[in-house]
Amino acid sequence: DIRMTQSPSSLSASVGDRVTITCRTSQSIAKYLNWYQQKPGKAPKLLMYDASSLQSGVPSRFSGSGSGTDFTLTISSLQPEDSATYYCQQIYSLPYTFGQGTKLEIK
Amino acid sequence: QVQLVESGGGVVQPGRSLRLSCAASGFTFSDYAIHWVRQAPGKGLEWVAVISYDGSNKNYADSVKGRFTISRDNFQNTLYLQMSSLRPEDTAVYYCARDKRDCSSTSCFRHDAFDIWGQGTKVTVSS
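For the protein sequence lines, the chains are A and B, in the order given. Going by this note's numbering, the first sequence opens with residue 1, and the numbers climb by one from there. Going by this note's numbering, the second sequence opens with residue 1001, and the numbers climb by one from there.
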């Protein structure tokens, strides 16, 4: 199975800050990585697919980059509603593994 | 609107069985592959299983292979997860999720990105 490592596990940032979350995979997965946002008690929400494609309806302050084994999710200007846990997911090969999550809090 | 609604969760003893359902509405269910994903209490997401649009292809996580069976009824617009030989470590919220699909003028393809999720159904395996 492909192992996923997200960093940091948690972070706290202020409204308006630029925030970056990193996901590293145990082997190359080309561009086949998705990002999800999950708020407490809710289902996850797709943010990015194929590493850098923005899902319809997701604010443009979210962006993704990377290929191979190193990927990033960036929030260009943090908003209060962005408080959530973020997960990366590889879909290069089954089983489709997720990162352990990054909990983002607003200061 | 486009929606997935899970049901069938509950408290079950170890070794027993349970069947989860996922009812789809607002889209052509038979066009889409569908996944099950679970989340243990306070933990991250774990992919469980996937079924192709027509039910001909199924894949499972090793942790459930041989115990869980994914199936679908495209006439009833419903997905199922038959869970048997349940273990305490199967305790989780179970989500069904639609596989994102895009179509050009000539063909359609899957992204293997989960664009629509249900609200989840809670399964507790405990004696």
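C-beta atoms are modelled at their ideal positions from N, C-alpha and C, and glycine is treated no differently. Note that the structure is a prediction, hence the values are computed from the model and not measured.
Straight-line Cα distance separating residue j from residue i
i	j	result
F62 (chain A)	I21 (chain A)	11 Å
N1074 (chain B)	H1035 (chain B)	15 Å
A1107 (chain B)	P1088 (chain B)	Residue identity differs from the one stated: residue 1107 (chain B) is Ser in this sequence, not Ala. Cα-Cα distance, rounded: 43 Å.
R1019 (chain B)	M1083 (chain B)	6 Å
S1127 (chain B)	G1010 (chain B)	13 Å
G66 (chain A)	Q1013 (chain B)	45 Å
S14 (chain A)	N1057 (chain B)	46 Å
R1110 (chain B)	D1102 (chain B)	7 Å
G57 (chain A)	Y36 (chain A)	13 Å
S123 (chain A)	G1015 (chain B)	It is not possible to answer for residue 123 (chain A), since the shown part of chain A is limited to 1 through 107.
I1070 (chain B)	Y1095 (chain B)	13 Å
L1004 (chain B)	K107 (chain A)	34 Å
A1113 (chain B)	S1105 (chain B)	21 Å
K39 (chain A)	V1037 (chain B)	16 Å
F1068 (chain B)	G1044 (chain B)	20 Å
R3 (chain A)	A1023 (chain B)	32 Å
A84 (chain A)	K1065 (chain B)	31 Å
P44 (chain A)	L54 (chain A)	15 Å
N34 (chain A)	V1123 (chain B)	26 Å
Own chain, CB closer than 8 Å to residue i, minus 5 neighbours either side, in chain order
i	result
A1061 (chain B)	E1046, W1047, V1048 and A1049
P95 (chain A)	D1
T72 (chain A)	T20, I21, T22, C23, G64, S65 and G66
Exposure label - residue i; buried when at least 16 CB within 10 Å
i	result
Q1076 (chain B)	exposed
E1006 (chain B)	buried
V1002 (chain B)	exposed
G16 (chain A)	exposed
Q90 (chain A)	buried
T1028 (chain B)	exposed
G41 (chain A)	exposed
P59 (chain A)	exposed
Q79 (chain A)	exposed
G1118 (chain B)	buried
G119 (chain A)	The structure shown does not extend to residue 119 (chain A), since chain A spans only 1 to 107, so no value can be given for it.
Chain-order list of residues whose beta-carbon lies under 6 Å from that of residue i (same chain, five-residue window excluded)
i	result
R1072 (chain B)	I1051, G1055 and L1079
T74 (chain A)	T20 and S63
N1059 (chain B)	V1050
Short Cβ contact (8 Å threshold) for residue i with residue j
i	j	result
G1042 (chain B)	T1121 (chain B)	no
S9 (chain A)	K103 (chain A)	yes
A1092 (chain B)	Q1039 (chain B)	yes
D1099 (chain B)	A1033 (chain B)	yes
S115 (chain A)	E81 (chain A)	Examination of residue 115 (chain A) is not possible in this model, given that chain A is present from 1 through 107 alone.
Y1053 (chain B)	S1030 (chain B)	yes
F98 (chain A)	Y87 (chain A)	yes
D1115 (chain B)	L46 (chain A)	yes
L1081 (chain B)	S1017 (chain B)	no
R18 (chain A)	S77 (chain A)	yes
Residue i beta carbon near the ligand SAM (any heavy atom closer than 7 Å)
i	result
T1069 (chain B)	The ligand SAM is not part of the structure shown, which contains no ligands of any sort.
Contacting residues, own chain, Cβ-Cβ under 7 Å from residue i (five flanking each side not counted)
i	result
K31 (chain A)	D50, A51 and S67
R24 (chain A)	T5, T69 and D70
S26 (chain A)	I2 and R3
V1125 (chain B)	V1012, P1014, L1086, R1087, P1088, D1090 and T1091
S7 (chain A)	T22
Practice prompt. Taking a Cβ distance cut-off of 9 Å, strictly less, list which residues of the segment 42-58 of chain A are near chain B, in chain order.
Written response: K42, A43, P44, K45, L46, M48, Y49, D50, S53, Q55 and S56
Fill in: Residues from the segment 1094-1116 of chain B in contact with chain A, defined by Cβ distance under 9 Å
Y1095, A1097, K1100, H1111, D1112, A1113, F1114, D1115 and I1116
Fill in: Near-chain A residues of the segment 1021-1038 of chain B (beta-carbon distance less than 7 Å), N- to C-terminal order
none
Worksheet item: What residues in the segment 64-89 of chain A bring their beta carbon closer than 9 Å to a beta carbon of chain B?
Response: T85, Y87 and Q89
Item to complete: Could you run through the segment 91-107 of chain A and flag, in chain order, every residue whose CB is less than 8 Å away from some CB of chain B?
Response: I91, L94, P95, Y96, T97, F98, G99, Q100 and G101
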